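*Asks:* For reference, the structure I am asking about is given below.
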Ligand SMILES: *Cc1c(COP(=O)(O)O)cnc(C)c1O
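Numbering (full-length UniProt numbering), first residue to last: 1 to 380.
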């Protein structure tokens, strides 16, 4: 390897690669945020982001990573002592649980095994047993396990009980269909560094009318993330001006492509990746793998930490390892944002080489071949 130039490929589920047009957009002059010129840019960025969320609800841009948007959801919807139901099937469900506890909520977790998914029936049972619940916190794509959940199905149940549903769509939005208004989702959060093809630094959050009613009565102290301040003025404090230039352009690109097409392109990349993993005789970690990333069990006899570090440090291909208890046991290949078929081919071929290097015998090209066949079948 050392005889060759090392090129780097970012194939992790966030941050994701940023196309050069969007990088350049961020390199423009920083203008003052209290000007009509900037207000117009920000308004357009917000309108475009609403399209991506498929909503006409209020949507705010936050100068924070996605977790800031999660914290804003909790701080504005939950008063100390109130009961919430949280779907917990991985690190990000656990994050909802932690934030809710920090804010003094009484948390009823729906615990599912890592890699497994919750069903609408489980939500129904939990709500029936806990009629005093104020909100259900869920995750569209549990990035730590590569699992997608049936948010539309969850929402039908939650609405039947007349409660609020809050969705962490930080990695799932854009890769996976999500329709905020059609599915009656009260609060949806996301971040810039995943499907939006942007650098890290922006959080997004939407509030439905029902959510607003709760925001008004929540007693939790809050300041920077007080949603009422953003409702009065979408830029209550200095916004991330240059990131918002980039966002405006990114959402224009997504709108021009159309969300149906955006979802479809993620589906094709995910199908190709999954076909390659199967052809290599490897096992999926998730029982319901989504189109954001593919989580794979490290095969017996292979050092999972080494697999990820050799791929990154020697081959220049950054994928993600396992988090928490999954460390060393799984690896995660993203097909999210500004990625296309040769990103899948790079991930799969690097995986083949590193598996062989680590003594796991696979036939060279078998994964690549399976991916290529999917691309041929899809005509892409
Ligand atoms: C990335 C991610 C987060 C955390 O977002 P940050 O931007 O790192 O704060 C939360 N939830 C999910 C599902 C994610 O994928």
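C-beta: ideal position from N, C-alpha, C; glycine also. Keep in mind it's a predicted model, so treat the numbers as computed, not measured.
For residue 92, is the beta carbon positioned less than 7 Å from some heavy atom of ligand 1?
*Replies:* The answer is yes for residue 92.
*Asks:* Would you call residue 170 buried or exposed, if buried means 16 or more other Cβ atoms sit within 10 Å of its Cβ?
*Replies:* Label assigned to residue 170: buried.
*Asks:* What does the alpha-carbon distance come out to for the pair residue 155 and residue 133?
*Replies:* Cα-Cα distance, rounded: 14 Å.
*Asks:* Measuring only the C-alpha atoms, how far is residue 6 from residue 353?
*Replies:* Distance between the alpha carbons of residue 6 and residue 353: 15 Å.
*Asks:* What does the Cβ neighbour count give for residue 36, buried or exposed, with the cut at 16 atoms within 10 Å?
*Replies:* Exposed, by the Cβ-count rule.
*Asks:* Looking at residue 308 and residue 321, is the spacing between their C-beta atoms short of 8 Å?
*Replies:* The answer is yes: Cβ separation under 8 Å.
*Asks:* Straight-line CA distance for residue 228 to residue 215?
*Replies:* One C-alpha to the other measures close to 8 Å.
*Asks:* Does any heavy atom of ligand 1 sit closer than 7 Å to the C-beta of residue 349?
*Replies:* Residue 349: no, Cβ never under 7 Å from ligand 1.
*Asks:* Between the segment 279-292 and the segment 363-380, do at least 3 Cβ pairs fall closer than 8 Å?
*Replies:* Contact between the segment 279-292 and the segment 363-380 is present, because at least three Cβ pairs lie under 8 Å.
*Asks:* Helix, strand or coil for residue 142 per DSSP?
*Replies:* Here residue 142 sits in strand by DSSP.
*Asks:* Whole angstroms is fine: what's the gap from residue 16's alpha carbon to residue 207's?
*Replies:* Approximately 26 Å, taken between the alpha carbons.
*Asks:* What three-state label does DSSP hand residue 168 in the structure shown?
*Replies:* Correct three-state label for residue 168: strand.
*Asks:* With distances taken from CA atoms, which of 148, 89, 51 and 201 is nearest residue 251?
*Replies:* The candidate whose alpha carbon is nearest that of residue 251 is 51.
*Asks:* Under the rule that 16 or more other beta-carbon atoms within 10 Å means buried, what is residue 204, buried or exposed?
*Replies:* That one is buried.
*Asks:* Classify residue 392 as buried or exposed, calling it buried when 16 or more other Cβ atoms lie within 10 Å of its own Cβ.
*Replies:* Because the chain here runs from 1 to 380, residue 392 falls outside it and cannot be looked at.
*Asks:* What separation, rounded to the nearest whole angstrom, lies between the Cα atoms of residue 185 and residue 163?
*Replies:* Going by the C-alpha atoms only, they are around 11 Å apart.
*Asks:* Could I get the ranges of all uninterrupted alpha helix (DSSP H) runs contained in the segment 321-380, with 4 residues as the minimum, in chain order?
*Replies:* Complete alpha helix (DSSP H) runs here, min 4: 341-357 and 366-378.
*Asks:* Since residue 203 sits in a beta bridge, which residues does DSSP pair it with?
*Replies:* Its beta-bridge partners are 62 and 191.
*Asks:* Could you check where the alpha helix (DSSP H) with residue 295 kicks off and where it finishes?
*Replies:* That residue, residue 295, is in no alpha helix (DSSP H); its beta strand (DSSP E) goes 293-297.
*Asks:* Have a look at 262, 238 and 146 and flag the residue whose alpha-carbon is nearest the alpha-carbon of residue 175.
*Replies:* The option with the nearest alpha carbon to residue 175 is 262.
*Asks:* Which partner residues does residue 284 have in the DSSP bridge list?
*Replies:* Its beta-bridge partners are 296.
*Asks:* In this structure, does DSSP put residue 137 in helix, strand or coil?
*Replies:* Correct three-state label for residue 137: strand.
*Asks:* May I ask you to check if the CB of residue 286 is nearer than 7 Å to at least one heavy atom of ligand 1?
*Replies:* Because no heavy atom of ligand 1 lies under 7 Å away, the Cβ of residue 286 does not count as near it: no.
*Asks:* Nearest CA to the CA of residue 296: which residue from 107, 355, 66 and 192?
*Replies:* Answer by Cα proximity: 355.
*Asks:* How long is the line joining the alpha carbons of residue 347 and residue 315, rounded to whole angstroms?
*Replies:* Those two C-alpha atoms are separated by around 10 Å.
*Asks:* By Cβ distance below 6 Å, which residues in the same chain neighbour residue 337 in space, the five residues on each side in sequence not counted?
*Replies:* 16, 195 and 197, listed in sequence order.
*Asks:* Please confirm whether residue 294 and residue 275 have their CB atoms less than 8 Å apart.
*Replies:* Cβ atoms of residue 294 and residue 275: not closer than 8 Å.
*Asks:* Please determine, among 221, 153 and 146, the residue with the shortest C-alpha to C-alpha distance to residue 334.
*Replies:* Closest option to residue 334, Cα to Cα, is 146.
*Asks:* What does the shell around ligand 1 hold, if a residue joins when its beta-carbon is under 5 Å from any heavy atom?
*Replies:* In chain order, the hits are 14, 65, 66, 67, 92, 143, 168, 170, 171 and 191.
*Asks:* Residue 36 lies in the beta strand (DSSP E); which residues open and close that run?
*Replies:* Segment 36-53 is the alpha helix (DSSP H) holding residue 36; no beta strand (DSSP E) there.
*Asks:* Residues in its own chain within less than 7 Å of residue 55 by CB, not counting five upstream and five downstream?
*Replies:* 180, 181 and 206.
*Asks:* For a test of the three-state rule: what should DSSP assign to residue 318, helix, strand or coil?
*Replies:* Three-state DSSP puts residue 318 in a strand.
*Asks:* Report the start-end ranges of each alpha helix (DSSP H) in the segment 197-252 that is 4 residues or longer and not cut off at the edges.
*Replies:* Correct list: 209-217 and 227-232.
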